[in-house]
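Notes follow the structure.
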Amino acid sequence: QCQWLNCASQFNTAEDLFAHVNEDHVGRNAKGNLCLECRWAGCTVSKAKRDHLISHIKSHLSYKPYACGLCEARFKHMSDLKRHEGTHREK
1 QCQWLNCASQ FNTAEDLFAH VNEDHVGRNA KGNLCLECRW AGCTVSKAKR
51 DHLISHIKSH LSYKPYACGL CEARFKHMSD LKRHEGTHRE K
């Protein structure tokens with residue numbers, strides 16, 4: 001369920017929820033969030049750039065779009081996947 005201020009939309013997957021938040025609340029066409037503040041329940045984070053806010057939104061979700069090709073691990077951020085992939089090369 002979306003926990004954005006004044007939104008109660010529900011989704012079956014974290015991917016669909018992330019798409020909703022990105023498009024309806026913080027995306028370029030979103031209305032009412034020009035200040036780039038996270039309005040997730042209990043959060044007061046503010047970012048200077050929209051892409052930084054979108055990246056921050058993942059901290060509220062179980063959405064992990066980046067998968068390791070060598071094991072079952074999944075990550076919210078590409079940088080975390082790259083760091084993890086290094087552990088396979090060290091072995």
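Residue numbers are given in UniProt numbering: position 16 of the sequence shown equals residue 16, and the series is strictly consecutive.
Every residue, glycine too, gets a C-beta built ideally from N, C-alpha and C.
What you are looking at is a predicted structure, and each value in this text was computed from that prediction instead of being measured.
Asked, Found
"Cut-off 8 Å between Cβ atoms - residues of its own chain near cysteine 43, not counting five sequence neighbours on either side", "His60"
"Range covered by the alpha helix (DSSP H) that runs through histidine 56", "50-57"
"Status (buried if at least 16 other CB within 10 Å, exposed otherwise) for histidine 25", "buried"
"Distance, glutamine 1 Cα to phenylalanine 18 Cα", "10 Å"
"Span of the alpha helix (DSSP H) around aspartate 80", "78-90"
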